[in-house]
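Following our numbering, the numbering of the sequence shown begins with 2 at its first residue and continues without gaps.
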Amino acid sequence: MKYHHQHFDYLIIGSGAAGLLAAHQLAPHGTVGIVNKGNFSESNTYQAQGGIAGVSDFLDSTEKHVNDTLQAGVGLCYEAVAQQVAEAGGHIIHELSALGMPFDEDAEGLLHLTQEGGHSHRRIAHAKDATGRAIGETLLKHVQNHANIQCLRQHMAVDLITSHRLGYQTGQNRCLGVYLLNPDKRVITVSAGQIILATGGAGKVYMYTSNPHAATGDGIAMAWRAGCKVMNMEFMQFHPTCLYHASAPTMLLSEALRGEGAHLINQNGHRFVFDYDARGELAPRDIVARAIDHEIKKYGQDCMFLDASQLGNTRILEHFPNIHQRLLKLGLDMRQQSIPVVPAAHYICGGVATNLAGKTDLKGLYVIGESACTGLHGANRLASNSLLECLVMAKECSKHILSQTDKSMAPLPLPTWDESGIIPERERILIKQNWDEIRATMSNYVGIVRSNERLRRARRRLTVIQDEIAYFYWKHPLSRDLIELRNLSIISELIIRSAQQRHESRGLHYSTDYPDTKTMGEDTYLTPE
Ligand code: FAD
Ligand code: SIN
């Protein structure tokens, strides 16, 4: 057994909003490694459009933001968490501005605030229709050239190294490091005093998603394998308006378009969402997505339509220049025509059970951002609360780490990855087929509408796929596709098992067998054996 590895005081896996801000906060206090499996632009953060929620208008209040969050979350949000996050909103926006974030302003130099579904007030600060990219670029400028920070691009986290896995069964289990697949396809060992998973979402479990390729739930799957509890995994949020177009399957049409006045219409031009909810297009996402799904199925259509023509030329060019340009390239002009839309997997409300500081069951391991479940979103996330939560968590996590007496540990000898018995891979079709099957199964059986029979079928198929993966995984050289496939299969299992535990319909989980919502809502927990 060889013992060669790199060591950091703080190791952060993931360079979206949560990971970048945590790196910025921790860098003055020790060495930081920040890892991503692709490039800095490959994250949910870089795709975020609408903006970041935060009270900054004197007619608005923290209390209203909290109430909107609780109402969207259908009885499962943790009120104290919602309170802390909403209170932080205005400060976070202010701090981002101070770091150079180019938020849009109105003619008087005040923040331009947009509107989204479920918000009782205009409170979404934004940078045109590409807020996430602006946040990412702003934070990256402060992180990239910092003397204490080393950026490891194209390094994919494979698995966590824990004391129990190494055979030290006595004492509390502790996270000691991580195995990373480097660009040369070698697995390297990295140890750290504290490890933060900020690996984002898991939209890729579904066939249609707004998420980029990186969103395969790796952090949640790694934490689960290392012994951490997960919570509320059945609550996958489907965004109502993703473009329906063969050449741009993951393009989102921001909810801010509806916030600024765009209508959802069916093939006859009817504004159908009012048939489902008096708030129409600005009802919370679960309601709007289900309404679209229902209309599509009722009329045997492929999609519904978003009509933004009434916003007019100036507002479209001013507030939605990126979406407009991308549509024009596809031959669609939203100033003049309705745009075909379908709901698509967008955000996982569940995740590794943590508090706002990202603390997990495993000492030395924190999970922040979309991979974590703090109780903020309950059964359905309020639009634009996610970037806010990522940033609040990054700050709280760093604060908590720095308050620990054993925050930076001396490097321990960790074993290198065992590659004995590996045979060359002969056919990639085995991996591709499993990928496609998982995504089709999840889309067809575990989508917006579920039933006992669909969930049973999904679980049966998944068991077969997992057996095949288990057989293949340890015999063949590691590749990004293979690692992601194994993680996708675990995320799918966790979603299905959580859905099977919920004998009611609530927020993002709708079951035809249990259409009612129970009076008292409960979280769904799964604990590794
Ligand atoms: P991400 O930003 O997804 O970053 C994850 C990082 O982890 C990436 O760097 C990735 O490379 C890395 N990673 C993953 N797995 C591994 C691994 N195994 N090894 C190494 N690195 C790994 N929210 C809002 O609040 N407002 C919005 O307007 C908004 N719009 C959105 C629009 C779109 C199209 C999408 C997809 C999401 C949107 N969201 C929005 C949600 C929000 O963007 C995300 O929830 C948030 O950005 C997640 O940030 P994160 O830091 O947790 O993860
Ligand atoms: C959007 O711009 O519609 C996405 C907002 C979000 O997911 O919070």
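A virtual CB, placed ideally from N, CA and C, is assigned to each residue, including glycine.
A quick note: this is a predicted structure, and the numbers were derived from the prediction, not measured.
Item to complete: Hey, could you find the ends of the alpha helix (DSSP H) residue 465 is sitting in?
Response: Here the question's residue 465 lines up with position 464 in the sequence shown. Segment 453–474, the alpha helix (DSSP H) holding residue 465.
Practice prompt. Give the straight-line distance between the Cα atoms of residue 44 and residue 17, rounded to the nearest whole angstrom.
Written response: Here residue 44 is taken as the residue at index 43 of the sequence shown, counted from 1. Here residue 17 is taken as the residue at index 16 of the sequence shown, counted from 1. Straight-line Cα distance between these residues: approximately 6 Å.
Worksheet item: CB residue 247 to CB residue 144, shorter than 7 Å?
Response: The count along the sequence shown starts at 1 and reaches residue 247 at position 246. The count along the sequence shown starts at 1 and reaches residue 144 at position 143. Contact flag unset, no.
Fill in: Heavy atom of the ligand SIN within 6 Å of residue 110 beta-carbon
By one-based count along the sequence shown, residue 110 stands at place 109. No; taking the cut-off as 6 Å, the Cβ of residue 110 has no heavy atom of the ligand SIN nearer than that.
Worksheet item: Count the other CB atoms within 10 Å of the CB of residue 171; is the residue buried (16 or more) or exposed (fewer)?
Response: For the purposes of this step, residue 171 is identified with residue 170 of the sequence shown, where counting begins at 1. Classification for residue 171: exposed.
Discussion item. Contact defined as beta carbons within less than 8 Å: I believe residue 488 pairs with residue 210. What is the distance between those atoms, to the nearest angstrom?
Written reply: Here residue 488 refers to the residue found at position 487 of the sequence shown. Here residue 210 refers to the residue found at position 209 of the sequence shown. Going by Cβ atoms, the distance from residue 488 to residue 210 rounds to 15 Å, so no, they are not a contact pair.
Practice prompt. With DSSP as the reference, please indicate the residues paired to residue 335 in a beta bridge.
Written response: For this step, residue 335 is matched to residue 334 along the sequence shown. Residue pairing by DSSP places residue 335 in no beta bridge whatsoever.
Worksheet item: Where DSSP assigns a beta bridge to residue 160, which residues make up the other side?
Response: The residue you call residue 160 lines up with position 159 of the sequence shown. Answer by DSSP bridge pairing, in chain order: 180.
Fill in: Residue environment, residue 13, which counts as buried when at least 16 other CB atoms sit within 10 Å
Residue mapping note: residue 13 aligns to position 12 of the sequence shown, counting from 1. Residue 13 comes out buried.
Fill in: Rounded distance between the beta-carbons of residue 423 and residue 360, thought under 8 Å
In the sequence shown, residue 360 corresponds to position 359, counting from 1. In the sequence shown, residue 423 corresponds to position 422, counting from 1. Actually they do not touch by this definition, with Cβ atoms about 36 Å apart.
Worksheet entry | Residues near residue 200 by beta carbon distance below 7 Å, same chain, minus five either side | Looking up residue 200 in the sequence shown gives position 199. Hits under 7 Å: 14, 15, 219, 220, 372.
Worksheet entry | Rounded Cβ spacing between residue 79 and residue 376 (contact assumed at less than 8 Å) | Taking the sequence shown and counting its residues from 1, the one referred to as residue 79 is at position 78. Taking the sequence shown and counting its residues from 1, the one referred to as residue 376 is at position 375. With a Cβ gap of about 3 Å, residue 79 and residue 376 count as contacting.
Discussion item. Is residue 157 close to the ligand PLP? I mean its beta-carbon at under 6 Å from any heavy atom of the ligand.
Written reply: The ligand PLP is absent from the structure shown, which contains only the ligand FAD and the ligand SIN.
Worksheet item: Excluding the five sequence neighbours on either side, which residues of its own chain have a C-beta within less than 6 Å of the C-beta of residue 436, listed in chain order?
Response: Position 435 of the sequence shown holds residue 436. If we look at residue 436 and ignore the five residues flanking it on each side, its Cβ neighbours are 486.
Practice prompt. Measuring from each Cβ to the nearest heavy atom of the ligand SIN, keep the ones under 5 Å and list them in chain order.
Written response: 50, 51, 255, 256, 384, 385
Practice prompt. Below 6 Å CB to CB, which residues in the same chain sit around residue 520 once its five sequence neighbours on both sides are set aside?
Written response: One-based indexing of the sequence shown puts residue 520 at position 519. Contacts found: none.
Item to complete: State the DSSP-derived secondary structure class of residue 202, mapped to helix, strand or coil.
Response: Indexing the sequence shown from 1 puts residue 202 at position 201. Coil at residue 202, not helix or strand.
Worksheet item: Assuming residue 432 contacts residue 460 under a Cβ cut-off of 8 Å, what Cβ separation, rounded to an integer in Å, is found between them?
Response: Indexing the sequence shown from 1 puts residue 432 at position 431. Indexing the sequence shown from 1 puts residue 460 at position 459. The C-beta distance from residue 432 to residue 460 rounds to 21 Å, too long to fall under 8 Å, and the pair is not in contact.
Discussion item. Please classify residue 366 as buried or exposed, where buried requires at least 16 neighbouring CB atoms within 10 angstroms.
Written reply: As a position in the sequence shown, residue 366 is number 365, starting the count at 1. With 16 or more other Cβ atoms within 10 Å, it is buried.
Worksheet item: For residue 196, which option in 162, 387, 207 has the closest C-alpha, if you only look at C-alpha atoms?
Response: Residue 196 sits at position 195 when you count from the first residue of the sequence shown. Considering only alpha carbons, the answer is 162.
Worksheet item: Can you give, in chain order, each stretch of the beta strand (DSSP E) that sits fully within the stretch 182–244 and has at least 3 residues?
Response: Counting whole runs of 3 or more residues, the stretch 182–244 contains the beta strand (DSSP E) stretches 188–198, 237–244.
Worksheet item: Hey, quick one: how far does the beta strand (DSSP E) through residue 264 stretch, first residue to last?
Response: As a first step, residue 264 must be located in the sequence shown, where it is residue number 263. Segment 264–266, the beta strand (DSSP E) holding residue 264.
Discussion item. Can you look up residue 398 in the DSSP assignment and give me helix, strand or coil?
Written reply: Here residue 398 is taken as the residue at index 397 of the sequence shown, counted from 1. Looking at residue 398 - three-state DSSP - the assignment turns out to be helix.
Discussion item. Rounded to the nearest angstrom, what separates residue 67 and residue 83 at their Cα positions?
Written reply: Here residue 67 is taken as the residue at index 66 of the sequence shown, counted from 1. Here residue 83 is taken as the residue at index 82 of the sequence shown, counted from 1. The alpha-carbon atoms of residue 67 and residue 83 are separated by roughly 6 Å.
Fill in: DSSP three-state assignment for residue 305, whether helix, strand or coil
Taking the first residue of the sequence shown as position 1, residue 305 is located at position 304. In the structure shown, residue 305 sits in a strand (DSSP, three-state: E or B).
Practice prompt. Using the Cα positions of residue 280 and residue 349, report the straight-line distance between them to the nearest angstrom.
Written response: Here residue 280 refers to the residue found at position 279 when the sequence shown is read from its first residue. Here residue 349 refers to the residue found at position 348 when the sequence shown is read from its first residue. Each residue's alpha carbon lies about 24 Å from the other.
Discussion item. As a quick exercise: from 53, 331, 47, pick the residue whose alpha carbon is nearest that of residue 382.
Written reply: To locate residue 382, count along the sequence shown from 1; it is residue 381. Cα-wise, what sits closest to residue 382 is 53.
Discussion item. Taking 6 Å as the cut-off, is the C-beta of residue 48 nearer than that to any heavy atom in the ligand FAD?
Written reply: Walking along the sequence shown from the start, residue 48 turns up at place 47. Closer than 6 Å to some heavy atom of the ligand FAD: that describes the Cβ of residue 48.
Fill in: When 343, 290, 457, 384 are compared against residue 251, the one with the closest alpha-carbon
On the sequence shown, position 250 is the one that residue 251 refers to. Measuring from the Cα of residue 251, the nearest candidate turns out to be 343.
Practice prompt. Could you name the residues of the same chain whose beta carbon sits closer than 8 Å to that of residue 155, not counting the 5 residues immediately before and after it, in chain order?
Written response: For the purposes of this step, residue 155 is taken as the residue at position 154 of the sequence shown. These residues qualify, in order along the chain: 37, 38, 39, 40, 183, 184.
Discussion item. Quick check on this structure: which residue in 133, 100, 101, 7 has the alpha carbon closest to the alpha carbon of residue 389?
Written reply: Within the sequence shown, the letter at position 388 stands for residue 389. The shortest Cα separation from residue 389 among 133, 100, 101, 7 belongs to 133.
Discussion item. Nearer than 6 Å: is that true of the beta carbon of residue 205 relative to any heavy atom of the ligand FAD?
Written reply: What you label residue 205 is simply residue 204 of the sequence shown in a count that begins at 1. Checking the Cβ of residue 205 against the ligand FAD gives no.
Item to complete: State yes or no: is the C-beta of residue 164 within less than 7 Å of the C-beta of residue 178?
Response: If you number the sequence shown from 1, residue 164 lands on position 163. If you number the sequence shown from 1, residue 178 lands on position 177. Contact flag unset, no.
Worksheet item: Would you call residue 311 buried or exposed, if buried means 16 or more other Cβ atoms sit within 10 Å of its Cβ?
Response: Start at 1 with the first residue of the sequence shown, and residue 311 comes out as number 310. Exposed: under 16 other Cβ atoms inside 10 Å.
Worksheet entry | residue 36 Cβ short of 6 Å to the ligand FAD heavy atom set | In the sequence shown, residue 36 corresponds to position 35, counting from 1. Yes.
Fill in: Residues near residue 2 in its chain [Cβ-Cβ closer than 6 Å; skip 5 each side]
Within the sequence shown, the letter at position 1 stands for residue 2. Here the model assigns residue 2 a pLDDT of 45, short of 50, so the residue's position is not dependable, and the following value carries that caveat. Counting only Cβ-Cβ distances below 6 Å, and skipping sequence neighbours, we find 416.
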